[in-house]
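Asker:
Protein chains in written order, with UniProt numbering: chain A, 1 to 279; chain B, 1 to 279.
#1: Assuming residue 164(A) is part of the alpha helix (DSSP H), what are its boundary residues?
#2: Using DSSP's beta-bridge definition, name the partner residues of residue 186(B).
#3: Can you find the residues in the same chain that come closer than 7 Å, C-beta to C-beta, to residue 172(A), ignoring five residues on each side of it along the sequence?
#4: Please compile the residues from chain A whose C-beta is within a distance smaller than 7 Å of the C-beta of residue 175(B).
#5: For residue 3(A) and residue 104(A), what's the separation of their Cα atoms in angstroms?
#6: Residue 270(B) versus chain A: which residues are under 9 Å apart at the beta carbon?
#7: Please give the ranges of any alpha helix (DSSP H) in the UniProt domain "Methyltransferase" (44-172) of chain B, keeping only runs that are unbroken, at least 4 residues long and fully inside the region.
#8: State the DSSP-derived secondary structure class of residue 259(A), mapped to helix, strand or coil.
#9: Report the neighbours of residue 193(A) on chain B: residues whose CB is nearer than 8 Å to its CB, in chain order.
#10: Going by the DSSP bridge assignment, what does residue 271(A) pair with across the sheet?
#11: Do the stretch 84-104 of chain A and the stretch 47-58 of chain A make contact, defined as three or more Cβ pairs closer than 8 Å?
#12: Excluding the five sequence neighbours on either side, which residues of its own chain have a C-beta within less than 6 Å of the C-beta of residue 21(A), listed in chain order?
#13: Excluding sequence positions up to five away, which residues of its chain have a Cβ less than 6 Å from the Cβ of residue 265(A)?
#14: For the candidate residues 174(A), 199(A) and 43(A), whose alpha-carbon lies nearest to that of residue 249(A)?
#15: In whole angstroms, what is the alpha-carbon distance linking residue 241(B) and residue 235(B)?
#16: Can you find the residues in the same chain that come closer than 8 Å, C-beta to C-beta, to residue 32(A), ignoring five residues on each side of it along the sequence?
#17: If you draw a straight line from the C-alpha of residue 99(A) to the C-alpha of residue 117(A), how long is it?
#18: Can you tell me where the alpha helix (DSSP H) holding residue 14(A) begins and where it ends?
#19: Residue 197(A) versus chain B: which residues are under 7 Å apart at the beta carbon?
#20: Is there a Cβ from chain B that is less than 8 Å from the Cβ of residue 149(A)?
#21: Can you grab the Cα-Cα spacing for the pair residue 126(B) / residue 94(A), in whole Å?
#22: From the beta carbon of residue 146(B), is the nearest beta carbon of chain A less than 8 Å away?
#23: Kindly give me the distance between the Cβ atoms of residue 244(A) and residue 255(A), rounded to whole angstroms, as I take these residues to be in contact under 8 Å.
#24: If we count Cβ pairs, one from each stretch, closer than 8 Å, do we get three or more for the stretch 176-194 of chain A versus the stretch 125-144 of chain A?
#25: Locate the alpha helix (DSSP H) running through residue 222(B), then write down its first and last residues.
#26: Specify, as a first and last residue, the run of the alpha helix (DSSP H) that residue 31(B) falls within.
#27: Anything in chain A within Cβ reach of residue 185(B), meaning under 8 Å, just list it in chain order.
#28: By the 10 Å Cβ neighbour count, where 16 or more other Cβ atoms means buried, how is residue 278(A) classified, buried or exposed?
#29: I'd like to confirm the pairing. Which residues does DSSP put opposite residue 197(A) in its beta bridges?
#30: Identify whether residue 277(A) lies in helix, strand or coil by the three-state DSSP scheme.
#31: Closer than 7 Å, Cβ to Cβ, to anything on chain B: give me those residues from the stretch 10-44 of chain A, in chain order.
#32: Between the C-alpha atoms of residue 74(A) and residue 115(A), what's the straight-line distance to the nearest angstrom?
#33: Tell me which residues share the same chain as residue 186(B) and place their Cβ nearer than 7 Å to its Cβ, disregarding the 5 neighbours each side in the sequence.
#34: Just the chain B side, please: which residues come within less than 9 Å of residue 189(A) by C-beta, in chain order?
#35: Do residue 70(B) and residue 108(B) come within 8 Å of each other at the CB atom, strictly closer than that value?
#36: For residue 15(A), which residues of its own chain have a beta-carbon under 8 Å away from its beta-carbon, when the five flanking residues on both sides are left out?
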């Protein structure tokens, strides 16, 4: 239980960090799973879905709305964030959800308990992703689906600026310092095979987030701006002497504000996905 | 008419180059346009769709199947490739298509002729994308849609190798030498605004190709392997002294074969998209 692999989610749960997480829904972040979920739900309306590392629970809640006769169990290592997820679901009037603090490495459920076991942008933060996939597979019913979606490390944006380029380097350095592995999204097939799954039971896909409307630019750029101005990114960069000064980060934050204000601003991020069928 | 901007499609039409193009369909390459196309087609079944720079015409043909009472006009600067597109459509038994060699800068159609004007991975090869968008807008009916999808320059793959990294550098250098602008996909909103469109008439999105099955790996990796072994990429690299020897390119081609053979091999490419409503 004291293993390094159970470490907390390093970036933490400040507003500027959680904002892009809370923007996420099943539609914008789990579209690759929805056809299968709908097919399964049409045959078995009381579907049992486990969402691991659910964070503020907005994706879990949208799953719950899609399977009103089913149940969604949302887990996260953090008690703090799982309480927020519970509050969010209550505010949305959702009654078919349960919440439990738990490590993805030691899920407090019997073998073969769930029809679908889902994790979104979770493996990317782990030291041992295949161990997590094995545990997800353990609690999944035979014939059920284990699904994961993670950032590939590939993104593109416009208009470009030297200061935003610098902030991307900083973000990667801070991510690395907090245990994030940038290219997990393109390694999901490999990781599933390392977890003992045969290739024929893995379906891979890619999908991208696109931030381009004023609201999307404010959500994404505002989060980056605020992490640079006063959030965990600034703190980590200074504490770990990553090479950027307070002034550097103020300048980068201002560059992000300019990007938010650019009417032709666009940001794209590519994510990898796997649907794994448990034999 | 002798303007530089009408230059031919430099990479040419050899089998190894066209293979990934001919893999494309409306479903895997124009999904962002399909909800709008279906909505328009349900109100007006005899939809007129223009596909510019249609290449081997597989995307155009799948549009034609989606609007059986409509008409798809496929154009390309090259007579050679448009004949192949015509042959492909005939072989598919498609009867609602017309074919015409034409420059996207000077489309041989009246103003306000088409309900949908589409170009896929075309702007990325042009010197003056806003001029092409203006011309597409000219032949589009008021209330119609001008749609474009282009590579952002962002891709990710696994397993990584130094030789494949070298071949990606080579591909970028050859692309640049043949006039390709890598990040057009993330600049589409900006280009449309340069063409005179107001931001409120532009809908931006991103979607990705994922090559992971044996067939997909063979299609993508085989094309790269063969361009390195004997295709235009090898020819351009040698003719333009881009810094790679024949032996380098043989080694890179072998690395691609290893990637094709890797059961856990995955390649993702992110594309930007715009649906522009003509006022």
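Note that the Cβ used here is the ideal one computed from N, Cα and C, for glycine as well.
Keep in mind that this is a model prediction, so the values were computed, not measured.
Answerer: Checking against the coordinates, here is how it stands:
#1: 162-177
#2: Answer by DSSP bridge pairing: none, since residue 186(B) is not bridged.
#3: 182
#4: None at all; the shortest Cβ gap to chain A is about 15 Å.
#5: Any reading at residue 3(A) must be qualified, since the residue scores a pLDDT of 44, below 50, and its modelled position is unreliable; no value is offered.
#6: 152, 154, 155, 156, 206, 208, 268, 269 and 270
#7: 58-66, 79-91 and 129-139
#8: helix
#9: 263 and 264
#10: 151(A) and 207(A)
#11: yes
#12: 55 and 56
#13: 217 and 259
#14: 174(A)
#15: 10 Å
#16: 147, 149, 205, 207, 273 and 275
#17: 14 Å
#18: Here residue 14(A) belongs to no alpha helix (DSSP H), and DSSP marks it neither H nor E.
#19: Going along chain B, no residue has its Cβ under 7 Å from residue 197(A), so there is no contact; the nearest lies around 11 Å.
#20: no
#21: 51 Å
#22: no
#23: In fact, because the Cβ distance is near 13 Å, the residues do not count as touching under 8 Å.
#24: yes
#25: 214-229
#26: Looking at the DSSP string, residue 31(B) is not in any alpha helix (DSSP H), and its letter there is neither H nor E.
#27: 156 and 268
#28: buried
#29: According to DSSP, which records beta bridges pairwise, residue 197(A) is partnered with nothing at all.
#30: strand
#31: none
#32: 14 Å
#33: 152 and 272
#34: 158, 212, 263, 264, 265 and 266
#35: no
#36: 226
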